[in-house]
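Note sheet for the following structure.
Chains as they are written, first to last, in our numbering: chain A, 52 to 148; chain B, 299 to 808; chain C, 5 to 503.
And the structure:
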């Protein structure tokens with residue numbers, strides 16, 4: 052099933068990428084080729100095979116509820132593109148969903 | 299409302315004649331752990347903006363989360379108290395969406411493998427039609443899971459300081475990463491007109507539970523407990539499930555109740571008009587009591603959940619779970635049943651205490667030596683009235699349980715009568731000191747000096763010869779008028795019982 | 005003298021510094037001079053921290069003078085991939101979106117290097133966010149292969165492999181997600197090791213694909229790689245996936261360098277069609293050599309390895325689509341298009357559009373697709389099942405053999421520009437290395453000669469079970485020693501790219 056240009060535009064929105072039109076076309080063609088190639092995983096008989104999310108199986112790695120030193124506001128804000136009132140200044144946020 | 303039209307509404311009682319509501323609640327509670335969910339920054343409210351942050355909770359490139367053991371333990375504690383099954387293996391998942399209050403643009407949450415599932419919470423809902431004034435409702439719990447909180451934004455510019463119409467926003471990440479437990483109910487059906495009260499009572503019970511479990515101090519006004527309510531209605535007897543609306547940010551017990559009520563009225567009008575109810579997120583406005591639709595979504599959210607690869611699975615051992623279970627404190631419902639029995643109160647009297655939010659206060663007053671009946675009387679009558687007058691929560695009145703117990707002791711010993719006791723309470727509330735200090739400062743001790751009292755009695759008899767004669771003639775009940783005169787003359791500071799004894803003795807009726 | 009110092013091994017330099025034959029500062033200056041000489045041609049470094057390096061070297065000299073004990077790599081210079089956070093140097097990950105970013109914290113490995121007295125010369129070039137096999141995806145221009153400057157040094161840790169091969173540093177650190185240490189090591193003729201996943205800390209390593217990313221050493225000798233492995237590895241409580249177990253005895257194994265009594269498996273699925281003949285020829289010789297050294301060699305089939313590449317190109321992009329979401333111009337790094345009228349949503353999208361290169365965008369889009377509702381089961385879910393099958397292939401194989409071997413890459417270094425806009429051709433470079441990333445086991449690439457047709461280095465890959473990292477060093481060191489005995493000089497002496 053080839054991937055449509057609209058699908059690519061939808062993916063770009065989900066990925067927060069303001070792709071230019073030409074870039075969208077180019078990417079759509081490439082993604083189509085790549086997706087067809089990786090779809091080979093579907094050929095594998097994987098009935099009843101558990102998925103692996105972690106190759107080296109560990110469980111229950113916890114931290115004690117003990118404070119560690121914070122960065123402090125100065126270091127936290129040092130690399131920010133814009134700061135006001137000791138906060139990260141960001142463009143207006145569209146209403147939350 | 300942002301310029302929108304007012305919603306058409308059907309009066310609540312009328313709506314209920316035709317429609318049956320179903321509600322569901324998703325409640326977020328910030329846990330009271332010392333540190334955040336995945337890093338060692340203090341999980342503290344307040345603090346200078348962006349001072350309680352580190353590479354992890356700021357989501358800096360390269361940083362990695364490490365799970366706070368206490369947060370897992372608290373969540374298991376909550377799950378056990380809610381009669382849930384505790385998963386023997388589960389994972390965190392990433393919930394992906396972009397938002398400036400999320401440092402990584404994904405939230406570490408749990409998706410299809412929550413830590414606790416399938417439990418219940420019994421609540422006593424105020425119901426005027428029920429025996430004893432309350433009805434027991436068992437609220438099914440779908441799941442309890444753990445996630446991280448987001449940052450707090452300040453919206454600058456625009457008219458309202460709200461997000462809508464703001465010019466830009468300022469973000470403080472101190473709250474980002476505080477552990478957040480989400481408790482999701484199953485659909486609550488068949489509660490009819492009680493649905494709004496059920497929402498209120500459920501959130502209140504959950505809040506009490508969190509406090510009793512010592513997993514959160516639950517300051518709703520600071521947003522540490524936030525309830526979202528799903529409401530749907532369907533024609534009575536239709537057997538179908540209506541389309542639900544989700545009302546966000548119900549930050550007080552009352553607003554959850556009001557939001558449900560409003561949604562029933564609104565949805566009834568929509569259905570009456572032959573329209574479909576929209577599946578949408580709405581916001582409840584505390585000030586106007588209405589809900590408004592959130593921004594309509596261009597496309598459905600697609601959170602692209604997948605197992606969080608930076609964390610390993612959580613597999614609580616049976617031993618650990620049993621240890622946590624064994625250490626559970628007495629839960630609020632069990633405690634209430636025990637106290638009701640111990641105090642020897644009727645269901646209705648006890649329910650009144652509970653509904654006034656005074657169980658703890660009465661219990662502490664009883665612990666401080668008061669009788670349950672006295673403790674109930676003073677808290678529910680005098681102090682509830684005072685709280686209402688000053689618009690504060692009962693528990694926030696500047697009087698302690700020990701103070702109230704001391705007042706009841708002074709009354710019991712005859713040093714105060716009820717009228718004086720009320721003045722003492724007034725003094726304590728006004729910040730004049732302890733009950734004993736107020737009694738001393740205001741000179742409120744009862745007149746028990748026999749000489750002064752005898753003089754007052756004689757004066758009263760002399761002033762009311764006709765009444766005195768009736769008493770001499772055997773009409774003992776008439777003596778009450780003379781007692782009243784004595785009390786009046788002593789400005790209420792006389793021991794009324796002793797005055798009566800003296801009057802009857804003087805008039806030959808002792 | 006300076007030239008001599010840059011040709012020495014890390015072990016040799018450490019011994020010379022410890023013995024007072026040379027100062028750490030002299031060693032550092034020699035390498036800084038070499039960088040000054042050749043890096044304009046090689047472009048291995050994105051940032052050279054001359055002052056910081058000299059300060060660190062002087063501190064080692066002072067400690068030695070004070071009679072303090074020195075670690076096994078004290079005073080030895082190292083090139084650090086620009087994916088590791090450093091408080092005293094920028095960390096760009098080869099991306100415009102992080103151009104100039106100064107992290108407020110050190111990666112655990114950065115910290116361990118500093119504590120060990122290792123001298124960090126600077127940060128090395130890489131494919132943007134470690135996505136690529138050539139360093140051509142760096143926003144700051146490609147690095148060049150010291151064997152032939154017109155060819156790629158491999159990637160994504162191509163700056164690290166080139167720095168070591170060009171004698172700019174005896175040691176380098178890279179990260180391996182799909183082969184990003186072993187593949188560049190192979191095509192540059194140096195040693196590169198992917199430790200067991202979780203054996204080396206990821207804290208402070210900017211994530212590409214979290215369940216795969218593994219930091220590891222690059223060096224000119226197997227022993228040097230082992231010394232660095234031991235210095236940088238070990239449990240880190242800041243990384244939940246870090247294995248809480250002692251570091252395998254890799255240095256002892258590298259010194260042992262003996263394969264007698266071992267059973268070695270050749271994986272037929274990693275060879276044959278699509279492989280460069282010169283690569284297969286050198287690989288065949290290496291296998292013969294191992295047999296002559298006393299190992300028993302058998303063929304072991306791993307039937308699911310042919311699905312490793314497609315599974316990898318679903319899992320890694322999926323994780324990267326989420327890991328790279330944080331680069332949105334709100335808190336650090338580039339912010340584009342914030343003209344006071346645009347919303348945060350729009351500024352994020354413009355920032356990411358402008359800040360990310362083509363390959364990063366491709367992978368983000370691919371990963372978003374694989375995780376999106378309706379496709380998850382068919383793509384991401386299926387790829388995770390394939391991952392299980394590959395782990396089972398390895399488990400079955402390691403019941404029969406001690407280590408598995410294959411070529412490290414299907415071809416030698418390819419010309420710069422050849423595969424830039426042909427993603428699938430580029431992806432094939434990691435064909436042999438990906439299975440070990442998916443399974444999390446240890447693997448090493450050691451040079452095994454030059455391909456006849458182009459005179460470029462070929463790597464032999466040695467794979468061992470999870471936490472049996474010592475085995476890859478033991479076998480690698482044996483091959484290295486035998487080949488050098490036969491050749492009579494180190495392979496890199498034949499590198500003529502820098503004249």
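Just so it is clear, CB atoms sit at the ideal spot from N, CA and C, and this is done for glycine as well.
Quick caveat, the model's predicted, so the values are computed rather than measured.
Residue 636 of chain B: contacting residues in chain A (beta-carbon distance under 8 Å): Taking a Cβ-Cβ cut-off of 8 Å, residue 636 of chain B has no neighbours in chain A, whose nearest Cβ is about 31 Å from it.
8 Å Cβ cut-off: residues of chain A touching residue 452 of chain B: Neighbours of residue 452 of chain B on chain A, chain order: 136 and 138.
Within chain B, partners of residue 375 of chain C - CB distance below 7 Å: Ordered by position in chain B, the residues that pass the 7 Å Cβ test against residue 375 of chain C are 602 and 604.
Positions along the segment 375-405 of chain C whose CB lies within less than 8 Å of some CB in chain A: Per Cβ criterion, the list reads 376, 382, 383, 385, 386, 387, 388, 389, 390, 391, 392, 393 and 395.
Three-way DSSP call (helix, strand, coil) for residue 452 of chain C in this model: Reduced to three states, the DSSP call for residue 452 of chain C is strand.
Min CB distance residue 129 of chain A to chain C below 8 Å: At a cut-off of 8 Å, the C-beta of residue 129 of chain A has a neighbouring C-beta in chain C.
Complete beta strand (DSSP E) runs within the segment 573-620 of chain B (minimum length 3 residues, chain order): List check, beta strand (DSSP E) in window: 578-582 and 589-591.
Residue 717 of chain B: first and last residue of the uninterrupted alpha helix (DSSP H) it sits in: Where residue 717 of chain B is concerned, the enclosing alpha helix (DSSP H) stretches over 716-727.
Inter-stretch contact at 8 Å, needing at least 3 Cβ pairs: the segment 459-475 of chain C / the segment 186-193 of chain C: Taking 8 Å as the limit for Cβ pairs, the verdict is that the segment 186-193 of chain C does touch the segment 459-475 of chain C.
Proximity of residue 117 of chain A and residue 333 of chain B at Cβ, strictly below 8 Å: Using a Cβ distance threshold of 8 Å, residue 117 of chain A and residue 333 of chain B count as a contacting pair.
Spatially closest choice to residue 130 of chain A from C:351, C:71, C:102 and C:67, by CA coordinates: Cα-wise, what sits closest to residue 130 of chain A is C:102.
Segment contact flag, the segment 126-140 of chain A with the segment 340-355 of chain B, C-beta cutoff 8 Å, min 3 pairs: With a cut-off of 8 Å, the segment 340-355 of chain B and the segment 126-140 of chain A count as touching, because enough Cβ pairs lie within range.
Bridge partner(s) assigned by DSSP for residue 140 of chain A: Partner residues in the beta bridge of residue 140 of chain A, as assigned by DSSP, are B:468.
Neighbourhood of residue 784 of chain B by C-beta distance below 7 Å, restricted to the same chain and skipping five residues each side: Cβ neighbours of residue 784 of chain B beyond the five flanking positions: 754, 755, 758, 792 and 797.
Residue-chain proximity (residue 340 of chain C, chain B), Cβ-Cβ < 8 Å: For residue 340 of chain C, not one C-beta of chain B is nearer than 8 Å to its own C-beta.
Expected contact under 8 Å - CB spacing of residue 75 of chain A and residue 56 of chain A to nearest Å: Indeed, because the Cβ distance is near 7 Å, the residues count as touching under 8 Å.
Beta-carbon proximity list for residue 367 of chain C, same chain, < 8 Å, skipping 5 on both sides: Once the five neighbours on either side are set aside, the close Cβ partners of residue 367 of chain C are 135, 320, 321, 324 and 325.
Proximal residues of chain A, C-beta to C-beta of residue 396 of chain B below 8 Å: In chain order, 67 make up the part of chain A whose C-beta sits under 8 Å from the C-beta of residue 396 of chain B.
C-beta atoms of residue 78 of chain A and residue 70 of chain A nearer than 8 Å: In contact: residue 78 of chain A and residue 70 of chain A (Cβ atoms closer than 8 Å).
Residue-chain proximity (residue 402 of chain B, chain C), Cβ-Cβ < 8 Å: So yes, residue 402 of chain B belongs to the interface.
Whether residue 424 of chain B touches residue 495 of chain B by CB criterion (8 Å): For the pair residue 424 of chain B and residue 495 of chain B, the CB atoms are nearer than the 8 Å cut-off.
Contact residues within the segment 77-98 of chain A, judged by C-beta distance below 8 Å to chain C: Listed by position along the chain: 78, 81, 82, 84, 85, 86, 88, 89, 90, 91, 92, 93, 94, 95 and 97.
Cβ contact (3+ pairs, closer than 8 Å) linking the segment 383-390 of chain C and the segment 308-316 of chain C: With contact defined as three or more Cβ pairs closer than 8 Å, the segment 383-390 of chain C and the segment 308-316 of chain C are in contact.
Sheet register partners of residue 443 of chain B (DSSP bridge): Per DSSP, B:480.
Residue 504 of chain C vs residue 125 of chain C beta-carbon contact at 8 Å: Outside the modelled stretch of chain C, which goes from 5 to 503, sits residue 504 of chain C, for which no answer is possible.
Cβ pair residue 316 of chain C, residue 441 of chain C closer than 8 Å: Taking 8 Å as the Cβ cut-off, residue 316 of chain C and residue 441 of chain C qualify as a contacting pair.
Residue 696 of chain B in three-state terms, based on DSSP: The three-state secondary structure of residue 696 of chain B, taken from DSSP, is coil.
First through last residue of the beta strand (DSSP E) which encompasses residue 467 of chain C: Per DSSP, residue 467 of chain C is one residue of the beta strand (DSSP E) stretching across 461-468.
Member of C:41, C:45, C:65 and C:49 whose CA lies at the smallest distance from the CA of residue 25 of chain C: Selected option, being the one with the closest Cα: C:65.
Three-way DSSP call (helix, strand, coil) for residue 324 of chain C in this model: In this structure, DSSP gives residue 324 of chain C a helical state, which the three-state scheme calls helix.
Any chain A beta carbon closer than 8 Å to residue 348 of chain C: With 8 Å as the cut-off, residue 348 of chain C counts as an interface residue toward chain A.
Cutoff 8 Å: residue 612 of chain B Cβ touching any chain C Cβ: With respect to chain C, the C-beta atom of residue 612 of chain B has no partner C-beta closer than 8 Å.
Touching by the beta-carbon criterion (3+ pairs, under 8 Å), the segment 15-24 of chain C and the segment 768-787 of chain B: Cβ pair count under 8 Å is below three, so no.
For residue 418 of chain B, the residue or residues it bridges with in DSSP: For residue 418 of chain B, which the question treats as bridged, DSSP gives the partners B:438.
Against chain B: residues of the segment 100-128 of chain A by CB proximity under 7 Å: Going along the segment 100-128 of chain A in chain order, one finds 104, 105, 109, 110, 111, 112, 113, 114, 115, 116, 117, 118, 119, 121, 122, 123, 124, 127 and 128 with a Cβ nearer than 7 Å to chain B.
Residues near residue 1 of chain C in its chain [Cβ-Cβ closer than 6 Å; skip 5 each side]: Nothing about residue 1 of chain C can be reported from this structure: the residues present for chain C run from 5 to 503 only.
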